[in-house]
Structure formats: structure tokens, C-alpha cells
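Chemist: Using my numbering, read the sequence shown as starting at 6 and increasing by one per residue.
Beta carbons: idealized from backbone N, C-alpha and C, even for Gly.
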Amino acid sequence: MEVTVASASAEATEALAARLAARLVIGDVVTVSGELGSGKTTFVRGACRALGVSGPVTSPTFTIGRRYDGRVPVSHLDLYRLGDLADEDPGLLADYLAPDRIAFVEWPEAGGEALGDPAARVRLAHLGGDAREVEIA
Numbered sequence: 006m007e008v009t010v011a012s013a014s015a016e017a018t019e020a021l022a023a024r025l026a027a028r029l030v031i032g033d034v035v036t037v038s039g040e041l042g043s044g045k046t047t048f049v050r051g052a053c054r055a056l057g058v059s060g061p062v063t064s065p066t067f068t069i070g071r072r073y074d075g076r077v078p079v080s081h082l083d084l085y086r087l088g089d090l091a092d093e094d095p096g097l098l099a100d101y102l103a104p105d106r107i108a109f110v111e112w113p114e115a116g117g118e119a120l121g122d123p124a125a126r127v128r129l130a131h132l133g134g135d136a137r138e139v140e141i142a
């Protein structure tokens with residue numbers, strides 16, 4: 006799925022994420038980039054809903070990651086507070102980037118090689134108001 010779409014609302018962004026989620030398999034990693042407030046967590050929430058997660062999906066900025074139970078296990082990481090992984094415990098991401106779950110990683114630049122070759126790369130950008138440009142490669 007390679008597409009660039011203008012999304013007019015959070016609901017439209019979540020729907021686009023659900024389309025991507027339908028193509029994912031256990032073990033996949035999806036990177037989600039964009040400036041602060043561009044809709045990264047909204048995108049992840051839409052994918053999580055499509056994967057059967059029914060509870061709250063919130064940004065794990067202060068905890069690095071969250072794990073959710075759905076039809077498949079899902080991890081949601083936010084690496085915003087990490088400069089890179091060089092000074093971190095080598096196992097920091099191991100529980101989240103496991104072969105038995107699908108992982109979404111916000112601010113993936115800090116993850117470097119630890120993220121492997123992502124199944125998809127998502128980039129969101131502000132277009133003004135609630136509108137966003139969503140690029141999926």
C-alpha cells in the first residue's frame with residue numbers, strides 16, 4: 006500500500022489506518038512519523054481499533070510503550086524522549102518489538118536499526134485545522 010491522502014478529520018485518519026492494519030501480519034513493525042500534534046497517535050488508534058483493541062489507546066510518551074490485547078497483540082511505542090538507543094538498555098524495546106505482535110512506533114528515528122525493516126512507513130503532516138496529509142509507503 007503506497008498512498009498519499011489528504012485527511013479532513015481524525016475519523017478519516019483512523020479509517021486510513023484501519024485499511025493499513027487489515028494488511029498487517031504478526032511480527033510487522035509500522036513506523037509513524039510527523040511533527041508534534043500531527044495525528045500519529047490518532048493513526049495508531051485507528052489501526053488498533055481495526056486489530057480488535059477496544060480499550061483506550063493513548064500516547065505512551067512518558068512510558069516508552071504500551072501493549073494492547075486485540076485479535077492479535079499490539080505494541081505502541083513512542084520514542085520521542087530518546088535521543089537514540091546507544092545509551093539505553095539493549096533490551097529496552099524487546100518486549101514491544103516481539104515476533105508475536107504487531108508494533109507501531111512513533112518517533113522512529115531514535116530506534117535506528119533496532120526497528121529492522123518496517124512493513125510500512127507512515128508520515129503525517131499538518132494541512133491546517135483538522136486536515137492532515139498522510140503518506141504510507
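Which one of Val-58, Pro-61 and Val-34 has the shortest CA to CA distance from Ala-99?
Modeler: Checking every option, the nearest Cα to that of Ala-99 belongs to Val-34.
Chemist: Of the choices Asp-122, Gly-44 and Leu-87, whose alpha-carbon is the least far from that of Glu-138?
Modeler: When only C-alpha atoms are compared, the closest one is Gly-44.
Chemist: For Arg-71, which of helix, strand or coil comes out of DSSP?
Modeler: DSSP places Arg-71 in strand when its eight states are reduced to three.
Chemist: Nearest by alpha-carbon distance to Ile-107: which of Arg-128, Ala-17, Ala-27 and Thr-68 is it?
Modeler: It is Ala-27 whose Cα lies nearest to the Cα of Ile-107.
Chemist: Using a threshold of 8 angstroms, state whether the C-beta atoms of Ala-115 and Leu-97 are closer than that.
Modeler: Not in contact: Ala-115 and Leu-97 (Cβ atoms no closer than 8 angstroms).
Chemist: Between which two residues does the alpha helix (DSSP H) harbouring Ala-23 extend?
Modeler: Element bounds for Ala-23: 15-26.
Chemist: Around the C-beta of Ser-80, are 16 or more other C-beta atoms found within 10 angstroms, so that it is buried, or is it exposed?
Modeler: Buried, by the Cβ-count rule.
Chemist: Going by DSSP, what residue range makes up the alpha helix (DSSP H) through Thr-47?
Modeler: Segment 45-55, the alpha helix (DSSP H) holding Thr-47.
Chemist: Using only the alpha-carbon positions, how far apart do Leu-25 and Val-62 sit?
Modeler: Cα-Cα distance, rounded: 17 angstroms.
Chemist: When you compare only the Cα positions, how much space is there between Glu-118 and Arg-71?
Modeler: Each residue's Cα considered, the two are about 21 angstroms apart.
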